[in-house]
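Trainee:
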Amino acid sequence: MSKYLFRVTLTVDGLKGMLKEGAASRREVVERMVQGLGGQIESMYWAFGKDDVYVIADLPSNASAAAMGLATSAAGGVRTNTVVLLTADEIDEAARQKVDYRAPGA
291 MSKYLFRVTL
301 TVDGLKGMLK
311 EGAASRREVV
321 ERMVQGLGGQ
331 IESMYWAFGK
341 DDVYVIADLP
351 SNASAAAMGL
361 ATSAAGGVRT
371 NTVVLLTADE
381 IDEAARQKVD
391 YRAPGA
């Protein structure tokens, strides 16, 4: 499984809905959605600032993560930004790979 960070921003309608239903009920909805895709939530936090909610979840594939982002954004009420999280071992593996690249103007 791969790990993802979902940064969620509520729209005005999404904020109204959350205030009506409560934050705990939204966690239940997110847990059901992630489990339905074969994943599991590691953590979910509400915040103030640019993003309203942070969800860290394990999902079986990038396609599953994309499906979650597409479904939630298309339904309205939220905008999501998905970040693929990598372990130190994955970064080390990436660093060992030879990449043929030249910077612009170099």
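Per this note's numbering, the sequence shown starts with residue 291, numbered consecutively.
For glycine and all other residues, C-beta sits at the position ideal for the given N, C-alpha and C.
Source: prediction; values computed, not measured.
Quick one: complete beta strand (DSSP E) runs, 3+ long, within the segment 333-361?
Mentor: Runs found: 343-349.
Trainee: Mapping the DSSP letters down to three states, classify residue 373 as helix, strand or coil.
Mentor: Locating residue 373 in the sequence shown gives position 83, where the first residue counts as 1. Residue state, collapsed to three classes: strand.
Trainee: Strictly by DSSP, which residues pair up with residue 294?
Mentor: Start at 1 with the first residue of the sequence shown, and residue 294 comes out as number 4. Looking at the DSSP assignment, residue 294 forms a beta bridge with 347, 374.
Trainee: With a Cβ-Cβ cutoff of 9 Å, do residue 368 and residue 304 count as a contact?
Mentor: Locating residue 368 in the sequence shown gives position 78, counting from the first residue. Locating residue 304 in the sequence shown gives position 14, counting from the first residue. Going by C-beta atoms, residue 368 is nearer than 9 Å to residue 304.
Trainee: Between residue 300 and the rest of its own chain, which residues show a CB-CB distance below 7 Å, the 5 nearest in sequence each way excluded?
Mentor: Reading the sequence shown from its first residue, position 10 is the one you call residue 300. Within the same chain, residue 300 has close Cβ partners 308, 342, 367, 368.
Trainee: In three-state DSSP terms, what is residue 325?
Mentor: Here residue 325 refers to the residue found at position 35 of the sequence shown. Reduced to three states, the DSSP call for residue 325 is helix.
Trainee: Tell me the DSSP secondary structure of residue 389 in three-state form.
Mentor: Here residue 389 corresponds to residue number 99 of the sequence shown, with the count starting at 1. In this structure, residue 389 counts as coil in the three-state DSSP scheme.
Trainee: Report the rounded CA-to-CA distance for residue 296 versus residue 359, giving the unit in angstroms.
Mentor: Sequence index remark: in the sequence shown, residue 296 carries index 6 (1-based). Sequence index remark: in the sequence shown, residue 359 carries index 69 (1-based). C-alpha separation (whole angstroms): 8 Å.
Trainee: Within the continuous alpha helix (DSSP H) that includes residue 304, where are the two ends?
Mentor: Against the sequence shown, residue 304 aligns to sequence position 14. That run of the alpha helix (DSSP H) goes 302-311.
Trainee: Identify every residue that forms a DSSP beta bridge with residue 331.
Mentor: Your numbering for residue 331 matches position 41 in the sequence shown. In DSSP, residue 331 forms a bridge with 347.
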